[in-house]
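Shown next, in structure tokens, is the structure this report addresses.
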Amino acid sequence: MKKEEIGLEAALDDLERIVSELEEGKMGLEESLDLYEKGMKLVKLCNARLEGAERRIESLTGEVPPDLI
Amino acid sequence: MTQIFTVTDLNERIKDRLENDPRLHDLWAQGEVSNFVHHRSGHRYFTLKDRDSQISCVLFKNQADRLGFDLKDGLNILVYGDIAVYRPQGRVQLVARGIKQDVGLGFRHLQFEALKKKLAGEGLFDLERKRALPRYPERIGIVTSPQGAALRDVLRIIGPYPARIILSPAQVQGDGAEESIVSALLALQGLTDVVIVCRGGGSTEDLWCFNSEAVARAIIGCDSPVISAVGHETDVTIADFVADMRAATPTAAAKMAVPDIGELIEWLQQSEVRMMRALWTSLERKEERLEYLRHSISARRMYSLAADARQRLDYLGERLAAALVAELRARRGRLELAQGRLAAVGPRATLLRGYSVVRSNHGLILRAEDARPGEVVELILGEGRLICRVLEIKDGSEVFLA
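Note that the protein sequences, when read in sequence, are chains G and F. So the first sequence is numbered by this note's numbering: it starts at 1 and just counts up by one. So the second sequence is numbered by this note's numbering: it starts at 1 and just counts up by one.
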């Protein structure tokens, strides 16, 4: 899984799937641990996306009004 | 040089000028009927007026007969026709080719309804063609005026949500607004995950550009889902009908476009907790299983199992012994019975009834001739024996048994 390429939507979808799979509890311990690790990575990734990102406004024509930057 | 016209020439000139102007042909005019006259020629004459002005109208007989309703003073109507000049009186008049009753909503409303019907007929309002909005858009296109409050409302709601916001500026009212909106939509092609087309409240006039067919088709042509938010809650435009989602206001549109970032972060935290809990539960379950298995094979349990087996063995042993005794008893009973029956058919009982068995060294003596005189024979009686010597041999015919 390449962190840079996965979109927020895909990451959240993956995370949702992992959480419910873990909650079903049908897997072996090893597998559960693997999934847990994967899930935590996704949580971190999404948090970073949500908290770290700055809003980027661009305008196709003309300037972005200064009060919006 | 000053030119002096005759009245006729002047009116002729006015007539030429007006009747050759294409903007004064095929037009719709809206107003109230007054001074209605149904001339005996069959033509109808009336004045069309509004609050501030009036114009003479004529409806010729052949058109008037197809009208479908009666013209009368005070009626609000929409007149379709051409401007002409009636030279004898120098009167500018509207020659009606068709008249519709105006139910108070005006011609624009008719136009709106006609376009709505046309687009609906093409299936462009069908729910099946509405596209679902992406849950987490990464590129949000906004078509609106860069100066408008609508844009600021949208941006305020989007807040810190991490998306690229691509503003495609458009003029959202006045002449040229339609074309401006259309090209702004076109410019976003291939650049967005979702598009918001919006403007704030305004008069019906101001919002009218969103009722244009060109704008409607540009919205349909967008390669990502479009949210429309034009004016206030009560303003519904053609753009709203063709958009994939209609929002009552720009603020509502922005709320539809992006998830609430606070909720999202909370959801992430919950996911973390849920995963942790699931993992613990899974560990606990495994531990419980281990504990169960460990318990199953413990020495104590083995001992208890052995005790159980021993007890069972004892029990079975007891049952076996009891069964053997019973069997033995049954057999003894049967033996005694058999002995009794055997005794009944054996010689002893007969002997006890007074018979005896005689035998010599040569065996049983059944006939008198089997013995010789002077021979010693043995008599076996019911009880005991007699050893005797034969004195005489006699013929059996003299013997009588009592």
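Backbone N, C-alpha and C fix where the C-beta goes; we use that ideal spot for every residue, glycine too. Quick caveat: nothing in here was measured; it's all calculated off a predicted structure.
Original post:
Mind checking if G/Glu-31 is an interface residue toward chain F, Cβ cutoff 7 Å exclusive?
Top reply: Mapped onto the first sequence, residue 31 of chain G falls at position 31. Taking 7 Å as the CB threshold, G/Glu-31 stays off the interface with chain F.
Original post:
Mind pulling the chain F residues with CB within less than 7 Å of G/Arg-56?
Top reply: Reading the first sequence from its first residue, position 56 is the one you call residue 56 of chain G. Here the neighbours are Arg-164, Ile-165.
Subject >> 6 Å CB neighbourhood of G/Met-1 in its chain, flanking five on each side removed >> reply: Position 1 of the first sequence, counted from the start, is the residue given in the question as residue 1 of chain G. The predicted model places G/Met-1 with a pLDDT of 42, which falls under 50 and marks its position as unreliable, so this point remains unresolved.
Subject >> Enclosing beta strand (DSSP E) for F/Lys-72 [first to last residue] >> reply: For the purposes of this step, residue 72 of chain F is identified with residue 72 of the second sequence, where counting begins at 1. Looking at the DSSP string, F/Lys-72 is not in any beta strand (DSSP E), and its letter there is neither H nor E.
**OP:** Determine the contact status of F/Asn-62 and F/Thr-47, defining contact as a CB-CB distance below 7 Å.
**Re:** Mapped onto the second sequence, residue 62 of chain F falls at position 62. Mapped onto the second sequence, residue 47 of chain F falls at position 47. In this structure, F/Asn-62 lies away from F/Thr-47, with their beta-carbon atoms at least 7 Å apart.
Subject >> Entirely enclosed beta strand (DSSP E) segments - the segment 40-126 of chain F, minimum 3 residues >> reply: Contiguous beta strand (DSSP E) elements confined to the segment 40-126 of chain F occur at 44-49, 54-59, 76-86, 91-101, taking only those with 3 or more residues.
Subject >> Test item: CB-CB of F/Gly-74 and F/Ala-96 under 7 Å >> reply: Against the second sequence, residue 74 of chain F aligns to sequence position 74. Against the second sequence, residue 96 of chain F aligns to sequence position 96. No, the Cβ-Cβ distance between F/Gly-74 and F/Ala-96 is not below 7 Å.
Original post:
Of all the CB atoms in chain G, is at least one closer than 7 Å to the CB of F/Met-453?
Top reply: Any property of residue 453 of chain F remains undetermined from this structure, which presents chain F solely from 1 to 402.
**OP:** Show which residues of chain F have a CB atom less than 8 Å away from the CB atom of G/Pro-66.
**Re:** Counting from 1 along the first sequence, the entry for residue 66 of chain G is found at position 66. Result: empty, since nearest Cβ-Cβ is about 11 Å, beyond 8 Å.
Original post:
With burial defined as no fewer than 16 other Cβ atoms inside 10 Å of the residue's Cβ, what is the status of F/Arg-199: buried or exposed?
Top reply: Counting from 1 along the second sequence, the entry for residue 199 of chain F is found at position 199. Buried.
**OP:** Return the first residue and the last residue of the alpha helix (DSSP H) that F/Thr-204 is part of.
**Re:** Locating residue 204 of chain F in the second sequence gives position 204, where the first residue counts as 1. Per DSSP, F/Thr-204 is one residue of the alpha helix (DSSP H) stretching across 204-207.
**OP:** Output yes if chain G places a C-beta closer than 7 Å to the C-beta of F/Tyr-136; else output no.
**Re:** Residue 136 of chain F sits at position 136 when you count from the first residue of the second sequence. Yes, contact with chain G.
Subject >> Cβ neighbour criterion (16 or more within 10 Å) applied to F/Ile-387 >> reply: One-based indexing of the second sequence puts residue 387 of chain F at position 387. Counting the other CB atoms within 10 Å of its CB gives F/Ile-387 a total below 16, which places it among the exposed residues.
Original post:
If you draw a straight line from the C-alpha of G/Leu-33 to the C-alpha of F/Glu-272, how long is it?
Top reply: Translated into positions along the first sequence, residue 33 of chain G becomes position 33. Translated into positions along the second sequence, residue 272 of chain F becomes position 272. Cα atoms of G/Leu-33 and F/Glu-272: separation of roughly 13 Å, rounded to the nearest angstrom.
Subject >> Burial state of F/Thr-8, where buried means 16 or more other Cβ atoms lie within 10 Å >> reply: Locating residue 8 of chain F in the second sequence gives position 8, where the first residue counts as 1. By the 10 Å Cβ count, F/Thr-8 comes out exposed.
Original post:
What does G/Arg-49 touch in chain F if you count any residue whose Cβ is under 9 Å from its own?
Top reply: The residue labelled residue 49 of chain G in the question sits at position 49 within the first sequence. What G/Arg-49 touches in chain F: Pro-162.
Subject >> Whether F/Val-58 touches F/Ile-140 by CB criterion (7 Å) >> reply: Here residue 58 of chain F refers to the residue found at position 58 when the second sequence is read from its first residue. Here residue 140 of chain F refers to the residue found at position 140 when the second sequence is read from its first residue. Annotated as distal: F/Val-58 and F/Ile-140, with beta-carbon spacing of 7 Å or more.
Original post:
Distance, Cα to Cα, F/Arg-420 vs F/Arg-372?
Top reply: The structure shown does not extend to residue 420 of chain F, since chain F spans only 1 to 402, so no value can be given for it.
**OP:** Go ahead and pull the three-state DSSP assignment for F/Gln-269.
**Re:** One-based indexing of the second sequence puts residue 269 of chain F at position 269. For F/Gln-269, the three-state secondary structure derived from DSSP is helix.
Original post:
Less than 6 Å between the CB of F/Asp-244 and some heavy atom of the ligand NAP, yes or no?
Top reply: This structure lacks the ligand NAP, and indeed carries no ligand of any kind.
**OP:** Identify each residue in the segment 265-287 of chain F for which the Cβ-Cβ distance to at least one residue of chain G is less than 9 Å, and report them in chain order.
**Re:** Within the segment 265-287 of chain F, the qualifying residues are Ile-265, Trp-267, Leu-268, Gln-269, Gln-270, Ser-271, Glu-272, Arg-274, Met-275, Met-276, Arg-277, Ala-278, Leu-279, Thr-281, Ser-282, Leu-283, Arg-285, Lys-286.
Subject >> Neighbourhood of F/Glu-375 by C-beta, 8 Å cutoff - its chain only, sequence neighbours within 5 removed >> reply: To locate residue 375 of chain F, count along the second sequence from 1; it is residue 375. Around F/Glu-375: Ser-360, Arg-389, Val-390.
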